[in-house]
Every structure is written in structure tokens, then in C-alpha cells.
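Chemist: Got a structure for you, questions after.
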Amino acid sequence: MALPPLRFCFDYLSPYAYLAWTRMPALAARHGRVLEPVPVLLAGVLNATGNIGPAEVPAKRGYIFKHTFRIAHELGVPFGPPPSHPFVPLLSLRVTAAVDDLEARARLVSALYAEAWGGGKGVESPEQVTVALRAAGLDAPALLEAAGRQDIKDRLRRNTEEAIAAGAFGVPTVLVGDELFFGVDSLGHLERFLEGKDPLKGVDLERWRSLPSTASRR
4 MALPPLRFCF DYLSPYAYLA WTRMPALAAR HGRVLEPVPV LLAGVLNATG
54 NIGPAEVPAK RGYIFKHTFR IAHELGVPFG PPPSHPFVPL LSLRVTAAVD
104 DLEARARLVS ALYAEAWGGG KGVESPEQVT VALRAAGLDA PALLEAAGRQ
154 DIKDRLRRNT EEAIAAGAFG VPTVLVGDEL FFGVDSLGHL ERFLEGKDPL
204 KGVDLERWRS LPSTASRR
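Position one of the sequence shown corresponds to residue 4 (our numbering), numbered consecutively onward.
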């Protein structure tokens with residue numbers, strides 16, 4: 004029986020998803036898993052879960068860029084802010100959703116992230132996205148045209164709805180069968196899970212789910 008793939012749910016808006024992505028191909032290869040990049044619309048996830056993006060909290064905004072820069076330095080990967088943030092990721096997400104071949108899609112994700120967070124010039128406009136498409140060795144005119152089709156728009160919406168149904172509340176989220184891992188800092192936990200060393204084995208999670216609430220924040 005084939006092992007469940009690692010479904011990496013992401014939005015180019017997130018620097019944390021970029022940082023996690025730089026680790027994912029090697030992590031998947033170490034554990035003999037197929038890596039499936041799944042573009043989702045973070046705004047849709049946040050709206051559905053009553054959440055807000057970290058950069059929408061003024062006190063967090065400056066800290067996030069310092070935090071992610073430090074993580075990038077620790078990981079040894081290029082890092083630079085995009086021309087604006089938040090930006091509109093729809094075109095880059097739809098173009099990614101239009102690529103069926105997983106290896107080609109992974110190349111495109113890497114190329115778009117390089118333009119978004121690796122010191123590139125952004126991923127909002129057709130011209131910016133074309134740079135990444137060419138870097139990934141893909142047919143830029145054909146994929147830009149595909150991104151405008153209703154079936155590709157529907158695919159991105161469906162990706163987002165399926166991620167929400169699986170329990171996603173932000174990005175990056177990695178889905179392995181019924182198990183969910185959120186954030187770049189969860190990759191070590193993901194590794195232990197794939198190795199069969201998850202410390203949650205045998206823990207009564209239902210008890211935690213059913214704990215009563217005795218306080219509320221208004």
C-alpha cells in the first residue's frame with residue numbers, strides 16, 4: 004500500500020510557508036513520501052476560521068520580519084521582503100494550481116517563492132509571474148492564460164475548502180492522511196511522526212478536546 008503523500012498547503016503571502024518549503028523536498032525524500040504542493044488562499048482559510056494574518060496585527064508585523072529573517076539565517080536560505088506586504092497572491096496561486104505535474108509544480112513553487120521572499124521582484128503581476136514560470140522551465144503564456152479559466156479558479160477554491168475541512172487554520176500546513184502539522188517550527192514533529200516516534204501515541208486526545216471552558220474573552 005502506498006504511503007500517504009505530504010500535502011503542503013501554502014500561500015505565497017506567508018514567509019513562514021516559504022521557509023518551510025525550503026525544507027520540504029529533502030524531508031519528503033528522506034521518508035520516501037510524495038510531496039504535493041497545494042496552493043490555498045490564506046485569506047479564505049482565515050475568514051473561515053475567524054482568524055487574522057500575523058501581519059494584520061501591528062505589534063506583530065515588525066517582529067515577524069525579524070523572526071523570519073533569523074530563521075532564514077539559521078536555515079542558510081536567501082531571504083528578502085517582497086515589494087509590498089500583504090500583496091495579492093491570486094495570480095501566482097492560480098498559475099500554480101494550473102500545473103498538474105507534481106515535479107513541475109514543485110519547481111514553480113520554488114521559483115515563485117524565490118521571487119516573493121528570496122530577494123526577487125514579487126509575484127503579483129503577469130510580468131513578475133512570467134519570470135518565475137520561465138525560471139521553472141514552463142510555458143508562461145499558456146499557464147497565464149490557464150490561470151484565468153474558471154476551472155482553475157474553482158480548483159484553487161476547492162483546494163482551500165478541502166484544507167479547511169481537514170482542519171487547516173493557517174499556512175504552512177502539512178497534511179499526512181488525517182494528521183496535520185502547522186508552521187515551520189512543526190517540521191521536526193512531522194519528521195518524528197513519519198519515523199513512528201510521535202510522542203502523542205497513546206495520549207488521550209479526546210480528554211483534551213472535551214475539557215470544559217470556565218472563562219471567555221469578550
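For every residue, glycine included, the Cβ atom is placed at its ideal position computed from N, Cα and C.
Note that the structure is a prediction, hence the values are computed from the model and not measured.
1) Given this structure, state the Cα-to-Cα distance separating Leu84 from Gln131, to the nearest angstrom.
2) Tell me whether the beta-carbon of Val41 lies closer than 7 Å to the beta-carbon of Arg10.
3) Whose CA, out of Val102, Leu159, Gly47 and Ala169, lies closest to the CA of Pro144?
4) From Pro28 to Thr217, what does the alpha carbon distance come to, in whole angstroms?
5) Have a look at Asp142, Leu94 and Glu209 and flag the residue whose alpha-carbon is nearest the alpha-carbon of Gln153.
6) So for Arg36, helix, strand or coil by DSSP?
7) Please classify Asn162 as buried or exposed, where buried requires at least 16 other C-beta atoms within 10 Å of its C-beta.
8) Identify the residues that DSSP records as bridge partners of Thr176: which are they?
9) Assuming His192 is part of the alpha helix (DSSP H), what are its boundary residues?
10) Are there three or more Cβ pairs, one per stretch, closer than 8 Å when the segment 78-92 is compared with the segment 12-28?
11) Can you grab the Cα-Cα spacing for the pair Arg137 / Leu159, in whole Å?
12) Mapping the DSSP letters down to three states, classify Gly205 as helix, strand or coil.
13) Tell whether a beta-carbon distance below 7 Å holds between Ile167 and Ala51.
14) If Glu39 sits next to Leu105, beta carbons under 8 Å apart, how far is it from one beta carbon to the other, in whole angstroms?
15) If you drop the 5 nearest sequence neighbours on each side, which residues of the same chain put their C-beta closer than 7 Å to that of Arg156?
16) So the alpha helix (DSSP H) Leu22 belongs to, where does it begin and stop?
17) For Val41, which of helix, strand or coil comes out of DSSP?
Modeler: Reading off the structure:
1) Along the sequence shown, one-based indexing puts residue 84 at 81. Along the sequence shown, one-based indexing puts residue 131 at 128. It should be pointed out that residue 84 corresponds to Pro in this sequence rather than to Leu. Looking at the two C-alpha atoms, the distance is approximately 15 Å.
2) For the purposes of this step, residue 41 is identified with residue 38 of the sequence shown, where counting begins at 1. For the purposes of this step, residue 10 is identified with residue 7 of the sequence shown, where counting begins at 1. Yes, Cβ-Cβ distance for Val41 and Arg10 is below 7 Å.
3) Against the sequence shown, residue 144 aligns to sequence position 141. Checking every option, the nearest Cα to that of Pro144 belongs to Val102.
4) The residue you call residue 28 lines up with position 25 of the sequence shown. The residue you call residue 217 lines up with position 214 of the sequence shown. If I take the Cα positions, the gap works out to 44 Å.
5) As a first step, residue 153 is located in the sequence shown; it is residue number 150 there, counting from the start. Of Asp142, Leu94 and Glu209, the residue nearest in Cα terms is Leu94.
6) As a working note, residue 36 is residue 33 in the sequence shown. Arg36 carries a coil assignment under DSSP once its states are collapsed to helix, strand and coil.
7) Within the sequence shown, the letter at position 159 stands for residue 162. The residue in question, Asn162, is buried, as its Cβ has 16 or more Cβ neighbours within 10 Å.
8) Residue numbering aside, residue 176 sits at position 173 when the sequence shown is read from its first letter. Beta-bridge pairing links Thr176 to Cys12 and Phe185.
9) As a working mapping, residue 192 is identified with position 189 in the sequence shown. Note, His192: alpha helix (DSSP H), Leu190 to Leu197.
10) yes
11) What you label residue 137 is simply residue 134 of the sequence shown in a count that begins at 1. What you label residue 159 is simply residue 156 of the sequence shown in a count that begins at 1. Each residue's Cα considered, the two are about 22 Å apart.
12) Start at 1 with the first residue of the sequence shown, and residue 205 comes out as number 202. Coil, per DSSP.
13) By 1-based counting over the sequence shown, the position of residue 167 is 164. By 1-based counting over the sequence shown, the position of residue 51 is 48. A contact, by the Cβ cut-off of 7 Å.
14) Here residue 39 refers to the residue found at position 36 when the sequence shown is read from its first residue. Here residue 105 refers to the residue found at position 102 when the sequence shown is read from its first residue. That pair is a contact at about 6 Å.
15) To locate residue 156, count along the sequence shown from 1; it is residue 153. One point to set straight first is that residue 156 is Lys, not Arg, in the sequence displayed. Once the five neighbours on either side are set aside, the close Cβ partners of Lys156 are Arg97.
16) Here residue 22 corresponds to residue number 19 of the sequence shown, with the count starting at 1. That run of the alpha helix (DSSP H) goes Pro18 to Trp24.
17) Stepping through the sequence shown from its first residue, residue 41 is reached at position 38. If DSSP states are grouped into helix, strand and coil, Val41 belongs with the strands.
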